[in-house]
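Peer 1: Pasting in a structure now, in structure tokens, and then I'll have a few things to ask.
There are 2 protein chains.
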Amino acid sequence: MTDLHPLAPLLAPRSVAIFGASNDPTRISGRSLRYFREAGYQGGLYPINPTRDTVQGLKAYPDLASVPGEVDFGLIAVPANLAVEAMEACVAKGVRGVVMFTAGFAEIGAEGRAMQERITKIALDSGIRLCGPNCLGLFNMRIGHTPTFSSFLEEGPPQSGPLGMVTQSGAFGTHLLALTARRGISVGVWMSTGNEAEVQVADGISFLADDPETQAIACYMEAIQDGERFAAAVKRARENGKPVIAMKVGGSEIGAAAAASHTASLAGSDAIYDAALRQLGVERAKTPEDLVEIAYACTRGRLPRSRKLAVMTMSGGAGVLMADAAEEQGLDLAPLAPESQKTVLEWVPFAAPRNPVDVTAQALNDPSILDKSFDLILGKEKFPSMVGFFTTWASSPQMAEPLYKSLTGAAERYPDSYIALSAIAAPEMQRRYEAAGIGVYEDPWRAVEAVAAATRCAERIATPPHPIPPVPKGIAKLPSHALSEHEAKSILAAAGIPILEERLVTSEAEAKACADLGEKLVLKIVSPEITHKTEVGGVMLNVAANAASAAYGELMARVAARAPHANLEGVLISPMLTDGTEMILGVQHDGVFGPTVLLGLGGIFVEVLRDVTFRIAPFGLEEAHAMIGELRGKAILEGARGKPPGDLDALAETLSKLSLFAAAQKGQFSSIDINPLLVRPKGKGVVALDALIVTDATPAHGH
Amino acid sequence: MTDLHPLAPLLAPRSVAIFGASNDPTRISGRSLRYFREAGYQGGLYPINPTRDTVQGLKAYPDLASVPGEVDFGLIAVPANLAVEAMEACVAKGVRGVVMFTAGFAEIGAEGRAMQERITKIALDSGIRLCGPNCLGLFNMRIGHTPTFSSFLEEGPPQSGPLGMVTQSGAFGTHLLALTARRGISVGVWMSTGNEAEVQVADGISFLADDPETQAIACYMEAIQDGERFAAAVKRARENGKPVIAMKVGGSEIGAAAAASHTASLAGSDAIYDAALRQLGVERAKTPEDLVEIAYACTRGRLPRSRKLAVMTMSGGAGVLMADAAEEQGLDLAPLAPESQKTVLEWVPFAAPRNPVDVTAQALNDPSILDKSFDLILGKEKFPSMVGFFTTWASSPQMAEPLYKSLTGAAERYPDSYIALSAIAAPEMQRRYEAAGIGVYEDPWRAVEAVAAATRCAERIATPPHPIPPVPKGIAKLPSHALSEHEAKSILAAAGIPILEERLVTSEAEAKACADLGEKLVLKIVSPEITHKTEVGGVMLNVAANAASAAYGELMARVAARAPHANLEGVLISPMLTDGTEMILGVQHDGVFGPTVLLGLGGIFVEVLRDVTFRIAPFGLEEAHAMIGELRGKAILEGARGKPPGDLDALAETLSKLSLFAAAQKGQFSSIDINPLLVRPKGKGVVALDALIVTDATPAHGH
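Quick mapping for you: the protein sequence lines, in order, are chains A and B.
Basically the numbering used here = 1-based index in the first sequence + 267.
Basically the numbering used here = 1-based index in the second sequence + 267.
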């Protein structure tokens with residue numbers, strides 16, 4: 268129930284005070300009060316205006332303290348320099364929710380930021396839920412609560428409906444409200460969050476997740492303030508069976524705050540947003556049209572049960588087009604059973620009976636074909652979803668009513684089926700279809716796309732989230748000094764990441780004893796002064812095990828000659844492994860989502876094609892496997908070009924373990940690079956050939 | 268002038284006979300006559316109906332021969348078994364254009380196909396231009412010519428306008444007509460081509476290219492019958508300054524008739540359509556919405572002059588979104604000059620003045636900001652295009668008229684500028700903007716996308732087509748027998764493709780004499796019985812030049828031992844080259860476009876990523892360079908990962924030469940494979956290491 272929700276004082280208060288309410292209902296300071304009254308708000312409504320006895324016919328109060336009884340909510344539209352005073356009055360009165368329209372805070376620079384911090388502190392200290400400042404407010408049409416000056420309400424109180432919407436931008440939110448209204452979707456609850464001093468988009472999602480009348484939640488963001496809060500809100504929505512559809516803009520300012528590590532340089536922030544939204548189960552919309560159409564598809568009172576789709580059409584061309592769209596969108600146009608196809612051909616000899624089912628224009632002569640086809644497709648063949656293309660029939664004098672009767676009859680007989688109609692219908696006819704749970708799309712491609720989006724949303728709701736193994740507790744914190752390669756490898760090995768065995772040797776005899784490591788060995792010089800080992804001839808590859816001792820001597824002598832001032836600590840000897848595919852694994856600390864794991868195929872895949880994928884840490888094996896599956900070059904891992912298939916289970920396990928380590932060490936490092944990690948043939952595991960942990964240079968955090 | 272166009276008898280006839288015209292204007296056989304009269308057609312109009320004296324008030328004739336004087340055009344809607352007779356009557360009367368609605372031809376199978384061939388022959392022999400059969404007809408509202416039964420005309424004669432449309436499907440064409448009408452675009456000429464027995468979509472494009480009132484041409488196709496005819500029509504449109512926007516559906520049935528060669532297996536037919544449409548300068552639309560929106564953007568009476576775009580907004584959120592869209596679409600949001608930015612800040616202190624120019628809601632208080640901004644952006648800064656986001660201002664009582672006055676004033680003052688408005692406006696207001704040349708888009712993303720499409724169209728029209736070198740004439744035809752590797756290489760070398768030098772040697776002495784080929788050599792056994800040389804140890808790589816003689820003996824002995832029954836003709840010796848990037852070049856014969864050249868990066872790029880690109884042959888150097896630029900892995904060729912940059916000029920030259928060879932040998936081969944072609948460092952050229960020409964005589968497993 269929403270009245271128990273932490274945001275209830277903001278979105279569902281029992282009484283409302285409006286600071287500076289104007290008697291002029293057309294002015295911004297007077298609009299909101301008018302909207303409350305037009306919307307029939309039933310709670311206490313208290314204009315605060317020291318200059319008048321009444322405001323718009325209601326008794327006015329000189330200040331908040333003078334209002335008798337409790338006040339849940341305050342609307343603050345006073346100038347910025349008076350905002351703190353108004354907040355303090357709210358605290359004194361026991362107000363628990365505030366919307367602040369006032370601009371002139373963080374968006375104008377340092378001075379405004381300081382003032383915003385003051386009001387945020389008041390809100391946090393007092394427990395007031397603060398929406399804004401610099402926002403256009405919100406509305407909850409379930410109860411007529413309308414603390415907003417959005418011009419969307421100028422045409423009368425919006426009809427309450429199944430869509431909930433949260434938009435960071437008020438102006439663009441108003442535009443989206445207008446677009447949804449034109450599409451015939453009613454938004455029951457809307458909130459604009461503005462500067463997000465305290466309340467964020469995530470809080471709105473959380474409220475809507477609990478609102479029983481909300482079927483789907485649409486949001487628009489320029490940034491997410493707190494990844495964890497957002498994740499929790501989306502989880503709540505998913506648990507309550509509600510799709511979250513999000514538009515996140517600003518992707519073109521990629522890499523603005525790019526970190527220095529290799530991993531970070533591959534990660535545009537939008538790529539991480541994209542991965543995170545997918546991982547959290549959010550349907551991301553690219554354009555406003557997409558957002559509106561997906562929201563429309565998800566507020567029809569039902570969602571598709573599976574990816575199987577039947578396409579019925581009276582135009583072959585539209586059928587081809589919808590088949591293209593279905594393939595692109597990953598929907599399954601399973602063919603009708605042979606006997607069903609035969610039945611269709613009995614009704615319409617020149618039909619295409621497979622799927623798309625093209626019944627041609629024959630239904631113009633025999634409308635009974637419609638009912639029979641729907642029963643065949645939804646009843647006998649049990650398709651969970653159907654798109655029907657009937658072009659202008661939905662508005663033709665002859666066919667409009669028979670088509671309406673047939674389609675809505677089918678929707679009633681098969682209430683679990685998801686039906687979309689691609690047709691051109693007058694607005695009134697469109698509303699009649701929508702009332703029966705049938706979405707109407709002028710563009711058949713869009714119809715298939717919308718069904719596909721609704722199907723994805725339904726799948727996410729039906730699929731329990733992938734289990735996440737527990738993050739290890741009480742493990743040793745990372746040392747505060749810069750970590751050597753050797754230290755990093757030891758730490759990662761302790762975390763369960765397989766590291767290539769290597770030994771530090773300081774004599775020919777010790778080198779000789781390394782013959783047990785493998786047939787072929789790699790020797791690398793160890794010296795704090797030498798960062799580019801190859802340049803001084805400090806690496807020897809493919810050394811036969813029985814030649815290790817001689818190679819040690821040669822290597823030490825060569826480097827001593829080429830870098831006479833370097834202090835040589837010895838040679839690292841490890842087995843030479845080549846039977847696998849090189850990958851890059853990395854972790855970076857994302858400002859919004861925290862530690863984020865990167866996976867890429869080594870070499871040209873990463874460097875030329877940027878073929879990388881991300882996940883927020885921590886995650887389990889399923890998510891790791893999904894990550895591998897997203898790589899464009901995954902066929903390489905699966906055994907393309909004569910290679911044996913790689914050990915994907917071991918790779919997934921290592922990814923998950925790395926994510927658990929990263930989550931446990933959150934805040935202790937700035938990046939981790941495992942480059943390369945060799946994925947060996949199935950059954951032989953994976954092994955990190957090199958690894959690096961970069962810690963925060965400044966020990967300001969005191970660890 | 269269109270009345271001189273070969274299709275004028277079909278699309279602009281001076282007199283019309285209607286076979287089987289019904290007196291009932293609501294029946295399919297009566298509709299067309301009614302449409303002609305409603306549309307005010309001024310030419311001769313002759314119903315043919317042996318059972319009546321008059322039809323719909325017009326004098327009827329028992330047969331075509333009885334009609335006095337000349338008849339340009341015949342509309343045939345009689346049953347299929349009477350169609351031939353009607354065609355013959357048309358021939359006898361000297362009719363030069365026919366639309367045939369009649370179904371029951373090629374679409375129903377072999378019998379219908381035979382009948383279609385008969386009417387096609389009559390048309391071709393007599394010179395009658397035949398549209399259909401199995402089509403919905405056409406209209407030319409420039410003259411009220413309406414031989415169609417499309418229900419689109421049921422709501423009265425369509426208004427003539429700047430868009431021309433050709434659709435293979437009549438039913439889906441009618442749907443597209445309805446969509447364009449709802450979008451406020453008037454279609455002046457429409458043709459549905461149905462079975463395309465004679466007239467094809469290309470012919471409609473050609474007619475519209477010459478029609479002076481047509482600004483842009485939209486088409487919808489399920490297949491292109493004749494690639495050359497299509498190319499010529501599009502070229503004509505381009506020369507006459509008209510964008511062609513095409514929707515080609517059926518891409519999901521990829522590779523249905525895949526050929527056996529390697530090249531063909533990489534080429535889904537949709538990939539070739541896509542490449543061909545791009546090469547021809549067609550703007551491809553993916554969805555019906557896209558088609559309609561691009562057509563809308565291209566019929567505003569002007570096109571953008573360049574990729575520079577100014578975005579003006581009153582919402583920061585919309586600005587971010589449009590910046591994302593501009594980056595995705597390759598438009599250049601060049602920042603305003605510093606002094607112009609300063610000027611904006613003088614008007615609106617909290618504006619974002621760069622680009623997007625966010626003037627905030629301040630214009631509500633001071634509408635003069637609009638005029639000043641437009642003068643700054645279009646006048647002083649000379650932006651060729653501007654998108655303005657003004658949400659509901661276009662429909663608000665306060666702002667609608669000032670905004671309209673400002674924007675249309677700017678459109679008048681800067682007639683070369685392309686202006687789009689993203690706003691929500693009532694239909695009537697929208698029409699007023701459109702009349703002033705300003706397109707209106709509810710979705711700001713869509714607005715930017717539409718401007719980008721119009722910009723691409725304008726660029727194609729402004730850019731002269733890339734020159735194509737002459738196809739060599741009189742070169743020797745390919746032999747009719749299966750070509751050996753050696754023959755194929757000689758033929759390609761003669762065509763100017765650099766082929767790796769190789770010598771067939773049959774003695775150790777001859778092998779020794781190959782030392783001049785290079786420091787390192789490759790030896791390959793030559794035997795007609797051995798197809799997989801490596802399996803019998805028949806290849807030796809990296810042989811030092813001075814060891815060639817010994818290697819020859821070793822190779823011959825080894826193969827003789829492992830393949831005792833094989834007839835060894837000798838050993839091919841060639842230099843061992845490794846300093847380059849391996850590419851795949853190929854040619855296949857596409858059923859629509861003829862010889863089509865493929866380019867891909869070798870190895871994983873082709874095999875795993877399908878990173879290939881296509882061009883119709885022949886083409887010149889610019890097109891070849893464009894082709895290289897389309898490869899996802901092109902950075903490899905440009906010198907990624909420490910490699911020297913490859914010789915792209917030589918690669919382009921080889922591609923062009925291959926295309927000229929393929930064009931010259933059209934029909935003589937089924938595929939050509941050059942795999943690999945080594946692209947060596949800049950200045951060192953390219954060289955084919957292996958090549959294959961498959962002719963009809965090549966045995967099925969001839970590799």
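Note that beta-carbon positions come from the ideal geometry of N, C-alpha and C, so glycine has one too.
1) Under 9 angstroms between C-beta atoms, does residue 900 (chain A) make it to chain B?
2) Going by CA-CA distance only, name the one from A:909, A:819, A:847, A:315 that's closest to residue 875 (chain B).
3) With 16 other CB atoms within 10 Å as the buried threshold, where does residue 318 (chain A) fall?
4) Closer than 9 angstroms, CB to CB, is residue 435 (chain B) near chain A or not?
5) Applying a beta-carbon distance threshold of less than 9 angstroms, which residues of chain A neighbour residue 556 (chain B)?
6) Cutting at 6 angstroms between CB atoms, please list the residues of its own chain near residue 851 (chain B), excluding the five before and the five after it.
7) Below 8 angstroms on the Cβ atoms is my contact criterion, and I expect residue 456 (chain B) with residue 425 (chain B) to pass it. Report the Cβ-Cβ distance as a whole number of Å.
8) Give a yes or no on whether the minimum CB-CB distance between residue 591 (chain A) and chain B is below 9 angstroms.
9) Which residues bound the alpha helix (DSSP H) around residue 348 (chain A)?
10) Residue 686 (chain B) by DSSP, collapsed to three states: which one?
11) Given 8 angstroms as the limit, is there contact between the stretch 543-551 of chain A and the stretch 670-682 of chain A, that is, 3 or more CB pairs closer than that?
12) Can you look up residue 872 (chain B) in the DSSP assignment and give me helix, strand or coil?
13) Going by beta-carbon coordinates alone, are residue 748 (chain B) and residue 543 (chain B) separated by less than 9 angstroms?
14) Are the CB atoms of residue 644 (chain A) and residue 581 (chain A) within a distance shorter than 9 angstroms?
15) Going by C-alpha to C-alpha distance, which of B:775, B:472, B:493 sits closest to residue 464 (chain B)?
16) Just reading off the beta strand (DSSP E) that residue 621 (chain B) is part of, what are its end residues?
17) Would you call the CB atoms of residue 340 (chain B) and residue 283 (chain B) closer than 9 angstroms?
18) Pick helix, strand or coil for residue 398 (chain B), following the three-state DSSP scheme.
19) Please report whether the beta-carbon of residue 668 (chain A) lies at a distance below 9 angstroms from any beta-carbon of chain B.
20) Strictly under 9 angstroms for the Cβ-Cβ distance: is residue 582 (chain A) near chain B by that measure?
21) Got a sec: which bits of the stretch 900-923 of chain A sit with their beta carbon under 8 angstroms from any beta carbon on chain B, in order along the chain?
22) Please report the Cβ distance between residue 273 (chain B) and residue 396 (chain B), rounded to the nearest whole angstrom; I am assuming they are in contact, meaning their Cβ atoms lie under 8 angstroms.
23) Using only the alpha-carbon positions, how far apart do residue 688 (chain A) and residue 717 (chain A) sit?
24) Threshold first: 3 residues or longer. Then list the beta strand (DSSP E) segments lying entirely within the stretch 356-437 of chain A, N to C.
25) Does the contact criterion of 3 or more C-beta pairs under 8 angstroms hold for the stretch 359-368 of chain B versus the stretch 425-436 of chain B?
26) Quick one: residues in its chain with C-beta nearer than 8 angstroms to the C-beta of residue 382 (chain A), no 5 flanking neighbours on either side, listed in chain order?
27) Closer than 8 angstroms by beta-carbon distance: list the chain B residues that pair up with residue 573 (chain A), in chain order.
28) Buried or exposed for residue 961 (chain A), please, with buried defined as at least 16 other CB atoms from any protein chain shown within 10 angstroms of its CB.
29) Taking only beta-carbon atoms, is residue 342 (chain A) less than 9 angstroms away from chain B?
30) In the DSSP assignment, find the beta strand (DSSP E) that holds residue 849 (chain B) and state where it starts and stops.
31) Determine the DSSP secondary structure at residue 692 (chain B), reduced to helix, strand or coil.
32) Any Cβ of chain A within less than 9 angstroms of the Cβ of residue 447 (chain B)?
33) Alpha carbon to alpha carbon, how far is residue 927 (chain B) from residue 917 (chain B)? Give it in angstroms, no decimals.
34) Rounding to the nearest angstrom, what Cα-Cα distance links residue 585 (chain B) and residue 655 (chain B) in this structure?
35) Here's a check: name, in chain order, each residue in its chain whose Cβ is nearer than 8 angstroms to the Cβ of residue 390 (chain B), leaving out the five neighbours to either side.
36) Taking its Cβ as the centre, do 16 or more other Cβ atoms sit within 10 Å of residue 295 (chain A), making it buried, or is it exposed?
Peer 2: So, to answer that:
1) It does: the Cβ of residue 900 (chain A) has a partner Cβ on chain B nearer than 9 angstroms.
2) Comparing Cα positions, the closest option is A:909.
3) By the neighbour-count definition (other C-beta atoms within 10 Å, threshold 16), residue 318 (chain A) is an exposed residue.
4) With 9 angstroms as the cut-off, residue 435 (chain B) counts as an interface residue toward chain A.
5) Near residue 556 (chain B) (Cβ distances below 9 angstroms), the residues of chain A are 556, 709, 710, 712, 713.
6) Shown here for residue 851 (chain B): same chain residues with a beta carbon closer than 6 angstroms to its own, the five before and five after excluded, namely 867, 869, 873, 942 in chain order.
7) That belief does not hold up - the Cβ atoms of residue 456 (chain B) and residue 425 (chain B) are roughly 10 angstroms apart, past 8 angstroms.
8) Yes, residue 591 (chain A) counts as interfacial toward chain B.
9) 347-360 is the extent of the alpha helix (DSSP H) around residue 348 (chain A).
10) It is a strand residue.
11) Segment contact: the stretch 543-551 of chain A against the stretch 670-682 of chain A, fewer than three CB-CB distances shorter than 8 angstroms; contact not assigned.
12) Helix at residue 872 (chain B).
13) No. Outside cutoff.
14) Going by C-beta atoms, residue 581 (chain A) is not nearer than 9 angstroms to residue 644 (chain A).
15) Checked all of B:775, B:472, B:493; the closest Cα to residue 464 (chain B) is B:493.
16) Here residue 621 (chain B) belongs to no beta strand (DSSP E), and DSSP marks it neither H nor E.
17) Yes, Cβ-Cβ distance for residue 340 (chain B) and residue 283 (chain B) is below 9 angstroms.
18) Reduced to three states, the DSSP call for residue 398 (chain B) is strand.
19) It does not; no Cβ of chain B falls within 9 angstroms.
20) The Cβ of residue 582 (chain A) sits closer than 9 angstroms to at least one Cβ of chain B.
21) From the stretch 900-923 of chain A, only 900, 902, 903, 907, 908 have a Cβ closer than 8 angstroms to chain B.
22) Rounded, the Cβ-Cβ distance is 7 angstroms, consistent with contact.
23) Distance between the alpha carbons of residue 688 (chain A) and residue 717 (chain A) is about 11 angstroms.
24) With a minimum length of 3 residues, the continuous beta strand (DSSP E) runs that stay inside the stretch 356-437 of chain A are 364-367, 396-398, 405-407, 430-434.
25) Segment contact: the stretch 359-368 of chain B against the stretch 425-436 of chain B, fewer than three CB-CB distances shorter than 8 angstroms; contact not assigned.
26) Correct list, in chain order: 347, 350, 351, 371, 372.
27) Per Cβ cutoff of 8 angstroms: no residues; residue 573 (chain A) is ~20 angstroms from chain B at best.
28) With 16 or more other Cβ atoms within 10 Å, it is buried.
29) No - not a single Cβ of chain B is within 9 angstroms of the one on residue 342 (chain A).
30) Here the beta strand (DSSP E) through residue 849 (chain B) covers 848-857.
31) Residue state, collapsed to three classes: coil.
32) No, no contact with chain A.
33) A direct Cα-to-Cα measurement between residue 917 (chain B) and residue 927 (chain B) gives close to 15 angstroms.
34) Residue 585 (chain B) and residue 655 (chain B): Cα-Cα distance of roughly 10 angstroms.
35) Excluding residues within five positions, the ones whose Cβ falls inside 8 angstroms are 354, 365, 396, 397, 464, 465.
36) An exposed status is given to residue 295 (chain A), since fewer than 16 other beta-carbon atoms sit within 10 Å of its beta-carbon.
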